[in-house]
Amino acid sequence: MPSSIIRKINGLLKTEHLGKVIHYFDEVESTNTTLFELALKGASEGTSVIADAQTQGKGRLGRTWVSPGGHNLYLSVLLRPGVGASESTLLTLVSSIAVYECLKKTGIQYPAIKWPNDILIDKKKIAGVLTEMEPKGDRADFVVVGIGVNVNMSRAVINREMGDFARHVTSVSENLGKEVDRAKLAADLLRELEEWYNTMKMRGKPAILKEWTQRWGGLNEKVRVSIEGLEVFEGIAQGIDENGHLLIKRENGEITEVISGDISFI
Ligand code: BTN
Numbered sequence: 226m227p228s229s230i231i232r233k234i235n236g237l238l239k240t241e242h243l244g245k246v247i248h249y250f251d252e253v254e255s256t257n258t259t260l261f262e263l264a265l266k267g268a269s270e271g272t273s274v275i276a277d278a279q280t281q282g283k284g285r286l287g288r289t290w291v292s293p294g295g296h297n298l299y300l301s302v303l304l305r306p307g308v309g310a311s312e313s314t315l316l317t318l319v320s321s322i323a324v325y326e327c328l329k330k331t332g333i334q335y336p337a338i339k340w341p342n343d344i345l346i347d348k349k350k351i352a353g354v355l356t357e358m359e360p361k362g363d364r365a366d367f368v369v370v371g372i373g374v375n376v377n378m379s380r381a382v383i384n385r386e387m388g389d390f391a392r393h394v395t396s397v398s399e400n401l402g403k404e405v406d407r408a409k410l411a412a413d414l415l416r417e418l419e420e421w422y423n424t425m426k427m428r429g430k431p432a433i434l435k436e437w438t439q440r441w442g443g444l445n446e447k448v449r450v451s452i453e454g455l456e457v458f459e460g461i462a463q464g465i466d467e468n469g470h471l472l473i474k475r476e477n478g479e480i481t482e483v484i485s486g487d488i489s490f491i
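According to our numbering, the sequence shown is numbered sequentially starting from 226.
Rendered as structure tokens:
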């Protein structure tokens, strides 16, 4: 995505704060890492970093986010929500809702959120969210919201880039049958994120938990939980608690709270 695209994003942007300052790079290690450094130096809320390619894109649980140039959106947005450190996990839910809504508005019909922050189409991953927080006492000094969207990767590119994982991955263009403008998608995503961030601030946690659950594809689904690659247990997904932790009903009727892990549908 050449830097002229940033001018295009600015022209399309309909936000009050988010994305008003955008730093664009042809290639960075990770947009989250770059923005984190800017945040430590005092960057203001809404400052964003976009890169065409990432050499060390970060995924959840220490994984790599495969980030080839020329196809996708790698976006990080700085928020200074002034909330307690534990409340900051709510921003992951807020961001997943924003990505979900943005994808729907491209014309994609059936996105679903997979706990905690994957966006899937037909059980294939199209986008992911990685939030990273800097604590200050018991508050969050700032939160970097990193969003990766597979935008214009064809099946051939997905197969080439994702290897064994390719069958679990899809892209916006694969679903729509046409490529989409990454600059417009970025502008739309920033707007959607601002809208849901404002919703969180105005309507609070219960509203976000409810909105997230409505878009979640897992309610009452039978799932297998694995933690650090080990298969741990199976059960029926019941919902999330007020900390965003997943609640699973085990065969004996007990409810287990999953704080971090991987869920597969069975
Ligand atoms: C996941 O699903 O595991 C989260 C993936 C998050 C990827 C995005 S791409 C932009 C930002 N920069 C990163 O290094 N990671 C996030």
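Glycine is no exception: its CB is placed at the ideal position from the N, C-alpha and C atoms.
What do you reckon, is the C-beta of residue i under 8 Å from a heavy atom of the ligand BTN?
i, result
"R288", "yes"
"V324", "no"
"Y299", "yes"
"V354", "yes"
"R285", "yes"
"Q281", "yes"
"T395", "no"
"G373", "yes"
"N342", "yes"
"S489", "no"
"T256", "yes"
"S273", "no"
"S379", "no"
"S292", "yes"
"K350", "yes"
Buried or exposed: which applies to residue i, given that a residue is buried once 16 or more other Cβ atoms fall within 10 Å of its Cβ?
i, result
"G287", "exposed"
"G282", "buried"
"K348", "exposed"
"E399", "buried"
"P336", "buried"
"D343", "buried"
"D389", "exposed"
"M378", "buried"
"N375", "buried"
"R416", "buried"
"N477", "exposed"
"T289", "exposed"
"D413", "buried"
"G522", "Because the chain here runs from 226 to 491, residue 522 falls outside it and cannot be looked at."
"G454", "exposed"
"N297", "buried"
Looking only at C-alpha atoms, which of the options sits nearest to residue i?
i, options, result
"Y249", "E270, A276, L237, I461", "A276"
"D406", "I247, G295, K266, E453", "G295"
"V448", "I491, S273, L237", "I491"
"K339", "E476, R475, G478, G464", "G464"
"V370", "L328, M358, K403, F458", "M358"
"D361", "D413, A323, A411, A310", "Here the sequence assigns Lys to residue 361, which means Asp is not the residue at that position. Of the candidates D413, A323, A411, A310, the one whose C-alpha sits nearest the C-alpha of K361 is A310."
"E252", "A268, V274, K239, K245", "V274"
"N235", "V450, I433, S485, A408", "A408"
"E420", "I351, R305, I322", "I322"
"T314", "I488, M425, I461", "M425"
Could you tell me which residues DSSP puts in a beta bridge with residue i?
i, result
"F490", "V448"
"P336", "I346"
"Y325", "DSSP, once it has assigned bridges, lists no residue as partnering Y325."
"E254", "None, per the DSSP bridge assignment."
"M358", "V368"
Does any C-beta atom of chain B lie closer than 9 Å to the C-beta of residue i?
i, result
"R440", "No chain B is present in this structure, which holds just one protein chain."
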